[in-house]
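Heads up: the sequence shown is residues 81 to 220, going by my numbering. By construction, the Cβ of each residue, glycine as well, lies at the ideal position given by its N, Cα and C atoms. This structure is a prediction, so every number in the text was calculated from the model and none was measured. To start, the structure itself, in structure tokens.
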Amino acid sequence: MALSSFSSSAILALAVLLLLAGTSSAHLSQNFYSNKCPNVFKTVKSVVKSAVAKEPRIGASILRLFFHDCFVDGCDGSLLLDDSPSFQGEKTAAANNNSVRGFEVIDAIKSEVEKTCPGVVSCADILAIASRDSVVLVSS
């Protein structure tokens, strides 16, 4: 009797787990911003192109920023956080301080994007798009 009860509970738990697993799978979409901020890619590319024209090595620096952001806890934009009185951001943490550069380019992109799409595009996405564009621009 105890085995039968355990088997029923295990089957029920497995069924619930399978249902939850099916609903939790989300897919990335290349056209996520198509309706919300249709010019985001154009805006990012424009600022990156201007920055690379002024300083060709900045493309590699932006890619390095992206790597440092993604390396520890995933690509969340946390490397871009400034310090506050109660918080030390990753930007000035010992591992990153005087090691990475290009923050001003990402800040400029964020400012431009915010003019047309306030509060829509995340800093993490901006950094990912800028990294992609900088690699393409530097390699061409």
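Asked: Pair within 8 Å by beta-carbon distance, Ile142 and Gly182; Found: yes
Asked: Member of Ser158, Ser214, Ser166, Gly169 whose CA lies at the smallest distance from the CA of Val185; Found: Ser214
Asked: Ser211, DSSP secondary structure in three states; Found: helix
Asked: Beta-bridge partners of Ser164, as assigned by DSSP; Found: Phe167
Asked: Three-way DSSP call (helix, strand, coil) for Phe183 in this model; Found: helix
Asked: Glu170 burial status per 10 Å Cβ neighbour count (16 or more: buried); Found: buried
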